[in-house]
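Its first residue numbered 4, the sequence shown is counted upward by one per residue in the numbering used here. Structure, as structure tokens:
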Amino acid sequence: MRFAHGAAGDGGSPVTLRGSYGLFIGGSFVSGSSVFKTISPATEEVLAEVTHGTTEDVDRAVAAARGAYERVWSVMPGRERARYLVRIARLLRERAAELAVIESLDTGRPIRQTRDVDLPLAVAHFFYHAGWADKLAYAGFGPAAGPPPRPLGVVGQVIGWNSPLLMLAWKIAPALACGNTVVLKPAETTPLTALAFGEICAEAGLPPGVVNIVTGDGLAGQLVAGHPGVDKVAFTGSPEVGREIAKSAALWGKRLTLELGGTAANIVCADADIEAAARGIVEGVFIRQGHACAASSRVFVQQPVRDELVAAIRTRMAALRSGHPLDEATDIGAVNSRGQLERITELTRAAQADGAVRWSAPPWPEQDTLPDRGFWFPPTLFAGVTPEHRIAGEELCWPVLTVSSFATPEEVAERTSGTRYGLSAGVWTRQGALSEWLAARLRAGVIWLNSFGLLDPAVPFGGYQESGLGREGGRHGLEDYLDLTGGTYDG
């Protein structure tokens with residue numbers, strides 16, 4: 004069957020996509036030598052043709068960024084840079100309805116999530132970092148009596164396919180606030196809001212070359228990250244690619260920020276508010292179809308309340324509606340790509356073969372099956388998962404969660420540290436002392452108490468182990484875009 008869908012937002016927003024998009028280099032769109040098609044994950048319909056960036060294209064983008072850095076952006080007073088960031092934030096806010104629709108079409112995520120979560124956060128990041136642009140000398144970086152910090156130069160940024168516009172804001176806003184220029188490569192499957200952002204940069208009057216956007220596949224990302232004219236690399240993606248980028252950065256002596264994999268743990272203690280925990284867990288993993296490295300994919304519940312929690316989670320999962328991303332009633336949209344769907348299908352089959360107990364939410368009452376086109380996977384829970392199961396240690400960036408039980412806080416503290424990831428975690432308990440005890444022992448960059456997934460531009464985000472290197476957001480995130488060795492700089 005095919006999903007019909009109603010209007011998005013308050014009466015909907017007319018969105019007209021270009022038939023084809025070039026590369027945004029030097030303040031305008033330029034053509035390239037080859038193109039590829041970006042498609043809707045919900046329908047497999049072609050949305051637009053997008054340009055494949057080549058070695059020559061990346062060279063042009065880096066040269067444009069270098070010229071803008073040396074002649075304009077790095078020498079511009081911080082208060083002037085702040086004005087540009089504020090203009091960008093206002094334009095993002097003015098075009099929020101349109102951008103949310105484009106993001107939903109390109110990613111498969113429901114309009115309620117792109118419009119009500121991602122767009123406000125992206126706007127907030129530009130407003131927040133605009134406030135820092137003229138205050139860097141007073142942020143406490145480096146020796147108190149030393150020279151003020153200065154920008155690094157040209158930053159190569161490669162972002163992933165989940166929440167692409169928000170990830171773009173996370174990376175571009177602090178880079179520009181600190182006086183750097185940018186060459187950004189969005190994910191091959193979700194390039195459209197990044198290209199729309201190029202239009203916004205031009206509309207805001209941003210000096211040509213300050214932001215450049217090169218689209219393409221993984222090779223284009225390698226060209227950006229490995230370019231000798233790039234002074235810092237910021238990457239969001241898989242640990243495997245992150246390791247290769249780290250090797251290249253070390254060879255060239257580049258600064259590096261990595262935001263990699265995650266499989267967040269939610270620890271539910273016996274005294275927790277079970278209904279609140281179930282709500283937080285379901286929202287934490289199924290928002291964005293689980294397409295988030297910080298999704299609460301692993302649930303550890305203390306044995307006395309295991310059955311009660313599983314029942315509460317299943318009740319909430321059963322109420323989730325799968326549907327077209329632009330339908331206001333949709334809770335779960337499409338998986339981002341065919342490759343992602345194949346990976347999740349293979350992993351869940353392996354989990355069943357290992358003996359984990361699978362339960363998938365039934366289709367919404369008026370649906371007999373999921374659509375016959377598009378990349379769809381039902382919200383799924385695996386109970387009885389043990390450390391020996393493969394699914395217990397894999398990154399779950401999809402609408403899937405696992406449930407394991409534990410007897411004591413000491414046991415769960417040890418087990419949750421048993422993966423190669425350490426991005427985020429949640430703790431559910433009414434006991435303040437217990438929450439502090441657990442939080443001190445969890446090797447995770449962000450820990451939420453009796454909640455999950457709350458984000459703010461002023462709060463640093465990042466992980467340990469194979470979840471990444473460095474922090475993004477807040478004062479801590481600024482430091483990775485600054486040279487603290489000193490020099491002449493009008494911040």
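A virtual CB, placed ideally from N, CA and C, is assigned to each residue, including glycine.
Quick one: residues in its chain with C-beta nearer than 8 angstroms to the C-beta of residue 82, no 5 flanking neighbours on either side, listed in chain order? Taken in chain order, the residues that qualify are 136 and 137.
Using C-beta distances below 6 angstroms, list every residue in its chain close to residue 188, excluding the 5 sequence neighbours before and after it, in chain order. Cβ neighbours of residue 188 beyond the five flanking positions: 161, 217, 223, 224 and 227.
Over the uninterrupted alpha helix (DSSP H) stretch that includes residue 129, give me the two end residues. 122-135
Kindly indicate which three-state DSSP category residue 193 falls into: helix, strand or coil? coil
Going straight from the alpha carbon of residue 409 to that of residue 473, what length do you get? 32 angstroms
Look up residue 307 in the DSSP assignment and say whether it is helix, strand or coil. helix
Buried or exposed by the 16-neighbour rule on C-beta atoms within 10 Å, applied to residue 106: buried
Please classify residue 174: is it buried, with 16 or more other beta-carbons within 10 angstroms of its beta-carbon, or exposed? buried
Secondary structure at residue 177, three-state DSSP: helix, strand or coil? helix
Smallest Cα separation from residue 22: which of 34, 50 and 32? 50
Of the choices 423, 463, 413 and 471, whose alpha-carbon is the least far from that of residue 443? 413
For a test of the three-state rule: what should DSSP assign to residue 343, helix, strand or coil? helix
Measuring alpha carbon to alpha carbon, tell me which residue in 416, 438 and 29 is nearest residue 208. Here the closest residue by C-alpha is 29.
Going by alpha carbons, who is nearest to residue 118 out of 214, 331 and 362? Distances from the CA of residue 118 to each of 214, 331 and 362 were compared; the closest alpha carbon is that of 331.
Please list the segments of the alpha helix (DSSP H) lying wholly inside the stretch 369-439, counting only runs of 4 or more residues, in order along the chain. Secondary structure within the stretch 369-439: the alpha helix (DSSP H) runs of 4 or more consecutive residues, fully enclosed, are 412-419 (chain order).
Quick one: is residue 19 buried, meaning 16 or more other Cβ sit within 10 Å of its Cβ, or exposed? exposed
Starting from residue 160, follow its DSSP beta bridges and name the residues at the other end. 187 and 237
Could you check whether the Cβ of residue 335 sits closer than 8 angstroms to any Cβ belonging to chain C? Of the protein chains in the structure, only one exists, and it is not chain C.
So what's residue 51 in DSSP terms, helix, strand or just coil? strand
In whole angstroms, give me the CA-to-CA distance for residue 94 and residue 333. 27 angstroms
Is the beta carbon of residue 302 closer than 8 angstroms to that of residue 389? Between residue 389 and residue 302, the C-beta spacing is not below 8 angstroms.
If the criterion is Cβ atoms closer than 8 angstroms, does the pair residue 485 and residue 84 meet it? Cβ atoms of residue 485 and residue 84: not closer than 8 angstroms.
According to the Cβ coordinates, are residue 234 and residue 313 closer than 8 angstroms? no
Can you list, in chain order, the residues of its chain whose CB lies under 6 angstroms from that of residue 460, leaving out five sequence neighbours each side? 127, 128, 131 and 476
Ordered along the chain, which non-local residues of its own chain (more than five positions away) have a Cβ less than 6 angstroms from that of residue 111? 44, 45, 328, 336, 337 and 339
What is the DSSP secondary structure of residue 475, counted as helix, strand or coil? Residue state, collapsed to three classes: strand.
Does DSSP put residue 24 in a helix, in a strand, or in coil? strand
Other residues of its chain near residue 441: CB distance less than 7 angstroms, five sequence neighbours each side excluded: Sequence-distant Cβ neighbours of residue 441 in its own chain, meaning closer than 7 angstroms and more than five residues away, are 270, 412, 416 and 430.
Assign residue 250 to one of three DSSP states: helix, strand, or coil. helix
Any idea what DSSP makes of residue 450, helix, strand or coil? strand
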